[in-house]
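Residue numbers (UniProt numbering): 646 to 925.
Even glycine gets a Cβ: it sits at the ideal position worked out from N, Cα and C.
Keep in mind it's a predicted model, so treat the numbers as computed, not measured.
All remarks here apply to the structure that follows.
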Ligand code: C2E
Ligand code: MG
Ligand code: MG
Ligand code: MG
């Protein structure tokens with residue numbers, strides 16, 4: 646690092662900034678090629694009912710194997726795809742691939758409830774988005790009432806014509822909405838009853854502190870469960886890694902859970918194997 650200060654430090658920060666920009670430009674270019682080069686894939690992670698233990702849904706999560714062979718995290722490349730606009734094409738691909746895969750699993754006689762897809766705020770702002778979603782369901786003959794879209798709180802902050810129309814279309818077709826990473830966003834909760842949200846997903850940063858000493862954390866998750874239920878929603882806990890956490894969530898009346906305790910996100914063939922050994 647440039648802890649020595651002096652003349653060299655300016656040079657150092659300059660280089661470092663330049664490198665950052667360059668890496669970013671390279672990533673952006675590579676990302677544009679990711680779809681045509683077939684570098685994107687989906688892994689799948691189930692949600693489980695805390696009362697009966699059955700699988701209530703499967704979430705599709707995006708993976709990118711870059712041209713250098715490295716596996717890149719969506720946390721790293723989704724924001725770049727959002728900035729460059731590439732997220733629109735990538736998002737359509739994710740939806741199509743998830744619906745195609747869900748259809749194939751359904752054909753194979755597997756029981757898994759809904760398929761859930763993460764949707765960026767940028768996609769939601771696209772006036773074409775809702776029509777695209779319906780067209781994709783139709784193309785893959787996937788029943789719209791078994792599709793859930795996961796949105797973040799920030800995506801729901803603005804109440805626009807485009808959003809209204811999209812949500813009306815979704816509601817009319819039985820497409821459900823989940824608020825993802827709930828608790829990490831804004832404190833203004835007005836959007837919760839403005840929009841037809843079916844599921845609240847408690848962010849894993851809260852869930853994972855449950856089993857610790859935290860009386861306060863326990864209060865927090867309990868409050869989210871109570872709030873969700875009061876608004877007629879089901880509450881899903883993300884990032885459940887231990888039996889202790891699971892028991893606490895069950896005691897708090899949480900409805901569903903997702904996390905490494907059940908399984909990590911899996912490639913399609915592995916998830917199929919996992920599904921086959923689950924209780925009804
Ligand atoms: P998310 O939708 O909240 O997904 C949950 C993330 O938590 C996933 O990370 C998952 O692998 C991870 N996870 C699940 N269970 C556990 C656990 O027990 N412990 C821990 N430590 N982590 C767990 P992933 O796959 O890296 O995805 C990160 C985020 O990237 C997602 O968070 C979502 O916001 C975004 N993302 C993923 N796929 C897509 C996509 O197709 N489109 C968009 N717009 N965003 C996506
Ligand atoms: Mg999600
Ligand atoms: Mg989440
Ligand atoms: Mg999360």
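Would you mind working out which of the options sits nearest residue i, comparing C-alpha positions?
i	options	result
residue 898	705, 906, 867	867
residue 790	802, 821, 716, 873	821
residue 830	841, 851, 662	851
residue 760	747, 823, 768	747
residue 706	819, 738, 762, 837	762
residue 738	756, 683, 753	683
residue 751	699, 733, 787	787
residue 799	823, 819, 922	823
residue 875	697, 793, 924, 845	845
residue 797	767, 923, 862	767
residue 701	664, 756, 730	756
residue 732	697, 754, 771	771
residue 923	862, 666, 758	758
residue 872	660, 856, 921, 900	900
residue 927	841, 784, 773	Any property of residue 927 remains undetermined from this structure, which presents the chain solely from 646 to 925.
residue 745	773, 784, 718, 720	784
residue 669	698, 686, 729	729
residue 792	686, 913, 819	819
residue 719	686, 662, 777, 865	686
What does the Cβ neighbour count give for residue i, buried or exposed, with the cut at 16 atoms within 10 Å?
i	result
residue 765	buried
residue 743	buried
residue 889	exposed
residue 815	buried
residue 664	exposed
residue 879	buried
residue 736	buried
residue 856	buried
residue 650	The predicted model places residue 650 with a pLDDT of 49, which falls under 50 and marks its position as unreliable; any figure quoted below should be read in that light. Exposed, because fewer than 16 other Cβ atoms sit within 10 Å of the Cβ of residue 650.
residue 646	Only weak support is given to the placement of residue 646: the predicted model assigns it a pLDDT of 40, under 50, and the question is left unresolved by the model.
residue 648	Here the model assigns residue 648 a pLDDT of 47, short of 50, so the residue's position is not dependable and the matter cannot be decided.
residue 860	exposed
residue 883	buried
Considering only their Cβ atoms, is the gap separating residue j from residue i smaller than 8 Å?
i	j	result
residue 703	residue 740	no
residue 811	residue 775	yes
residue 881	residue 828	no
residue 769	residue 808	yes
residue 902	residue 891	yes
residue 716	residue 708	yes
residue 848	residue 813	no
residue 804	residue 843	no
residue 836	residue 801	yes
residue 853	residue 886	yes
*asked:* Which complete beta strand (DSSP E) runs does the region 837-914 hold, if anything under 3 residues is left out?
replied: Every beta strand (DSSP E) of 3 residues or more that sits fully in the region 837-914 is shown, in chain order, as 842-847, 879-882.
*Check whether the region 711-727 touches the region 912-923, taking contact to mean three or more Cβ pairs, one atom from each stretch, closer than 8 Å.*
Not touching, per the Cβ criterion.
*Looking at C-beta atoms only, is the number of pairs between the region 897-913 and the region 680-692 that lie closer than 8 Å three or more?*
Taking 8 Å as the limit for Cβ pairs, the verdict is that the region 680-692 does touch the region 897-913.
*In chain order, each beta strand (DSSP E) run of at least 3 residues that lies wholly inside the region 674-732*: Entirely contained in the region 674-732, the beta strand (DSSP E) runs reaching 3 residues are, in chain order, 685-694, 700-710.
*Contact between the region 708-719 and the region 669-682: three or more CB pairs below 8 Å?*
The region 708-719, when compared against the region 669-682, does touch it at the 8 Å Cβ threshold.
*Does the region 664-673 touch the region 887-897, meaning 3 or more C-beta pairs lie closer than 8 Å?*
Counting Cβ pairs under 8 Å, fewer than three are found: no touch.
*Of all the beta strand (DSSP E) runs that stay within the bounds of the region 767-817, which reach a length of 3 or more residues?*
Restricting attention to beta strand (DSSP E) runs no shorter than 3 residues, the region 767-817 encloses them at 792-797, ordered along the chain.
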